[in-house]
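Note sheet for the following structure.
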Amino acid sequence: MSVSLEETIKRRLQAVPESPGVYLFRDAKTNVIYVGKALRLRDRLRSYFTPGYAQTARVAELIHRATDFEFVTTANEVEALVLENNLIKNYRPRFNIRLKDDKNYLYLKLPVTEEFPRVHYSRRVQNDGARYFGPYTSAQSLRSTVKSIRQLLPFRTCSDEIFKQGKVCLDFHIKRCPGPCERRISTDDYKARINEVALFMEGRSDILVRELKQRMDAAANRLDFENAARYRDQLHSI
């Protein structure tokens, strides 16, 4: 990277916000060569141009070939992970690890054909009617994302063997599961919940916000203030 180009990029870094988001590096032909995510975009991007940062030959080559960058801010780290995954699959950047060749990456599996789908992780995609999201380059980031979503939209993660015992577990009492094993939630309501999870994983939180607002208003109109308050709290959490 030339001195003039490096100075130009450093000036541009001043305009990058301290917020979560996704960043893309482009080469001289404007090809996207790398996609990454960050909790604080400015700090992350600035680190690439800090002397001594390139700890590996691969990172050094990335910095050498990068001639421009762009970024997209997101509301939170969860949305950043989803957007990063979608952009990697779309652009297939040369400096991102080849997802299709690594069986260690995780997918999130939603077996939507089941009565009370169990949300869980999978190492591969099967033709079983389930919905799969991924693959994700960081298992830790995916698990953290699912944990955050589950706080907003509780769902079942227990095995079928435990589920068939028909007794709620600790997850129900700490409000991480709505208790479908004891029919504490109807099939229709639970499937609607799983659809909400899918919307979140697709990065379509705007649709989820609209649906939750409609449900909140409908609950308030029928004087169901408990559910109206629950939908309100979910909206505030997004």
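Be aware that the sequence shown starts at 1, since it is given in this note's numbering, and climbs by one per residue. Ideal Cβ positions, reconstructed from N, Cα and C, are used throughout, including at glycine.
- Three or more beta-carbon pairs separated by less than 8 angstroms are not found between the stretch 131-142 and the stretch 150-166, which leaves the two stretches without contact.
- In the three-state reduction of the DSSP assignment, residue 121 falls in the strand class.
- For residue 110, the enclosing beta strand (DSSP E) stretches over residues 106-110.
- The continuous alpha helix (DSSP H) containing residue 160 extends over residues 160-163.
- Taking C-alpha positions only, residue 152 is separated from residue 29 by approximately 42 angstroms.
- Shown here, residue 185 sits in coil according to DSSP, grouped into three states, outside any helix or strand.
- The residues 25, in chain order, have a CB closer than 6 angstroms to that of residue 66 in the same chain once the five nearest residues on each side in sequence are set aside.
- C-alpha of residue 191 to C-alpha of residue 228: approximately 19 angstroms in a straight line.
- The continuous beta strand (DSSP E) containing residue 73 extends over residues 68-73.
- Assignment of residue 223 by DSSP, reduced to helix, strand and coil, places it in the coil class.
- For residue 24, the uninterrupted beta strand (DSSP E) segment begins and ends at 21-26.
- Assigned with DSSP and collapsed to three states, residue 180 falls in helix.
- Nearest Cα to residue 18 within the set 12, 31, 7 and 42: 42.
- In this chain, the alpha helix (DSSP H) harbouring residue 91 covers 77-91.
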